[in-house]
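Down below is the structure, laid out as structure tokens.
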Ligand SMILES: Nc1ncnc2c1ncn2[C@@H]1O[C@H](COP(=O)(O)OP(=O)(O)OP(=O)(O)O)[C@@H](O)[C@H]1O
Ligand SMILES: [Mg+2]
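Protein chains in written order, with the numbering used here: chain A, 1 to 276; chain B, 277 to 632.
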């Protein structure tokens, strides 16, 4: 017990610089979000403050129309993730199980799309959405996010699918299953960890995306969270920092929830991969 | 249950041809073992019977139906995979009952069948566990159980014992054989282990490089191998081969080796005179010759196995293995004299490898 305790203390000590770097912005965010307005700009800056002003959150919620932006962000992230997964799973399955002409080229193509920054494509995408009449429509974001994520999700799913032994499906066919049945009863249940992991990544990408959302969405009713929070800062005479920070704190909550909900799959997925 | 006929079956992967026209008839109720070295195409052939691999040429008949284009699920076969291929997310019970569930059998029937199979294989205590919670031997039995509940026409086994330790392998070997004697389901069993083949098979098919070398009952193959490959493949330690020039004079024949030794061999036709042939002697057919007779040999290495001793000697310039059940106290370097019963040795054509 004793050496073990010492060991973990040493490990934590070694990790601490990293922990500080990661936690510092959160700490600033949090202490700014909960302090009274008139203590925002004291000099020299202090960590301490006179009272916990939880009311900041409620005020911010109403003043910045936070609820609507939250809903918009959830709508876009969930739907784009679902769309990306629904389209990626068959593609990844085909890549890992079948041989077809152009397979290598297709995989290279997928990888290459990842090298392009979305900003390069923003103008083109905007014109495309104009042509489709989808500007100022959240569904334009659903489509583009799903499209941007798919290269990654296909790649990721494909590499996991390839670790699921083919024998299992073959055994199912011999047991009397059709291709479809073996897919649904044998293959997909085993692929859940991979799907969960890719879903997390895709969701977080959608949640944090800023440039496309800023470009495609004009009316403030349809702002996603990053754009909404940005609009509280940009082009204003007076920035209500405590509201901005309260907004950012709240905006990280759903991501944390998704993560902790799916993390058991994440860990199981890693463990599964380890034995195979 | 049904017979399986494999007729001129060929298989190519792209430009690579791995099965070159194979013909095998598996009778109803028969236990046939496909044996051969790694990469000779045993698994490929078995997978073609199962329908997991397309057939490039020829046809496969199960019962009286050509199954070339029948998908695996309609072939009514059961297969035990080398790595067992148990469904990791299902309990043992569900693993075994999966095929019946797919066939929409009533629940009580599934339960009865699974219980019956679990009874036979001693798996009752594990039915609620998941495959990850079982030992290798138990998983192997579950894989067997999955096949058993099916009442399939044909059982296919692809090296089902190769992942088990030596002792368990012997136990399971006997269990599978006993099971077959009881159920009499037509079975095709793939292995690269010749002892498994010898002990389990009604008939053995020896394969090499995508071709059938010989088909026959185990002892038939052991006692009169059709060629050098079969002779060398079956038996452990394997048959000794000594090359030399054949010479027949009158009723007697001998083999003239490179170092000048003349070895007594069966009297084949004089047509073989002066041709290069290969003499095959099984280690257990070598015996100690009486003083002043036999062929001189020098002891190299002595390996006691308990039941026997295996003695490696230098004989006619070759290293030869002899097995004795008596515990001779040989020492390395010792000179001994060996002989053999001419009826028990084999002659092969050195050029073609065929038995003379
Ligand atoms: N999908 C494939 N694509 C190309 N070649 C293949 C494929 N599957 C098998 N082969 C080749 O076919 C030959 C026969 O393979 P097979 O698996 O039938 O051998 P095996 O006799 O079962 O060997 P082992 O005892 O090692 O299992 C091998 O040379 C192998 O490389
Ligand atoms: Mg094989």
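For each residue, glycine too, the CB sits at the ideal point set by N, CA and C.
Min CB distance residue i to chain B below 9 Å
i	result
residue 104 (chain A)	no
residue 173 (chain A)	yes
residue 275 (chain A)	The predicted model places residue 275 (chain A) with a pLDDT of 39, which falls under 50 and marks its position as unreliable; any figure quoted below should be read in that light. So, interface residue.
residue 186 (chain A)	yes
residue 81 (chain A)	no
residue 190 (chain A)	yes
residue 101 (chain A)	no
residue 262 (chain A)	no
residue 59 (chain A)	no
residue 181 (chain A)	yes
residue 157 (chain A)	no
residue 265 (chain A)	no
residue 167 (chain A)	yes
residue 170 (chain A)	yes
heavy atom of ligand 2 below 8 Å from residue i C-beta
i	result
residue 469 (chain B)	no
residue 435 (chain B)	yes
residue 2 (chain A)	no
residue 298 (chain B)	no
residue 482 (chain B)	no
residue 466 (chain B)	yes
residue 358 (chain B)	yes
heavy atom of ligand 1 below 8 Å from residue i C-beta
i	result
residue 289 (chain B)	yes
residue 316 (chain B)	yes
residue 476 (chain B)	no
residue 704 (chain B)	With chain B running from 277 to 632 in the structure shown, residue 704 (chain B) is simply not present.
residue 672 (chain B)	Since the first residue shown for chain B is 277 and the last is 632, residue 672 (chain B) is missing from the structure and cannot be characterised.
residue 292 (chain B)	yes
residue 193 (chain A)	no
residue 333 (chain B)	no
residue 486 (chain B)	yes
residue 312 (chain B)	yes
Same chain, Cβ closer than 7 Å to residue i, five either side skipped, listed in chain order
i	result
residue 527 (chain B)	543
residue 276 (chain A)	Residue placement at residue 276 (chain A) is poorly supported in this model, since its pLDDT is 35, which falls under 50; the coordinates still yield a value, given next. So the qualifying residues of the chain are 163.
residue 272 (chain A)	Residue placement at residue 272 (chain A) is flagged as unreliable, the pLDDT there being 49, under the threshold of 50; the coordinate-derived value follows with that caveat. Once the five neighbours on either side are set aside, the close Cβ partners of residue 272 (chain A) are 193.
residue 632 (chain B)	544, 548, 553, 623, 624, 625
residue 274 (chain A)	In this prediction, residue 274 (chain A) has a pLDDT of 40, which is less than 50 and means its spatial position is unreliable; nothing more can be read from the coordinates.
residue 249 (chain A)	29, 30, 33
residue 211 (chain A)	118, 119, 122
residue 258 (chain A)	200, 203
residue 485 (chain B)	316
residue 346 (chain B)	327
Other residues of its chain near residue i: CB distance less than 8 Å, five sequence neighbours each side excluded
i	result
residue 363 (chain B)	370, 371, 374, 407
residue 40 (chain A)	32, 241, 242
residue 334 (chain B)	282, 283, 284, 285, 286, 297, 298
Beta carbon proximity, residue i to chain D, threshold 9 Å
i	result
residue 176 (chain A)	Of the protein chains in the structure, A and B, none is chain D.
9 Å Cβ cutoff, residue i in contact with chain A
i	result
residue 324 (chain B)	no
residue 580 (chain B)	no
residue 433 (chain B)	no
residue 327 (chain B)	yes
residue 363 (chain B)	yes
residue 368 (chain B)	no
residue 237 (chain B)	In the structure as shown, chain B begins at 277 and stops at 632. Residue 237 (chain B) is therefore absent and cannot be evaluated.
residue 399 (chain B)	no
residue 277 (chain B)	no
residue 348 (chain B)	yes
residue 344 (chain B)	no
residue 607 (chain B)	no
residue 354 (chain B)	yes
residue 463 (chain B)	no
Contact set for residue i: own chain, Cβ-Cβ below 6 Å, skip 5 residues either direction
i	result
residue 308 (chain A)	Residue 308 (chain A) lies beyond the range of chain A shown here (1 to 276); nothing can be said about it.
residue 200 (chain A)	262
residue 155 (chain A)	110
residue 487 (chain B)	296
Cβ separation of residue i and residue j, assumed to be a contact under 8 Å, to the nearest whole Å
i	j	result
residue 162 (chain A)	residue 96 (chain A)	4 Å
residue 428 (chain B)	residue 352 (chain B)	5 Å
residue 60 (chain A)	residue 246 (chain A)	4 Å
residue 302 (chain B)	residue 279 (chain B)	6 Å
residue 328 (chain B)	residue 348 (chain B)	6 Å
residue 490 (chain B)	residue 506 (chain B)	5 Å
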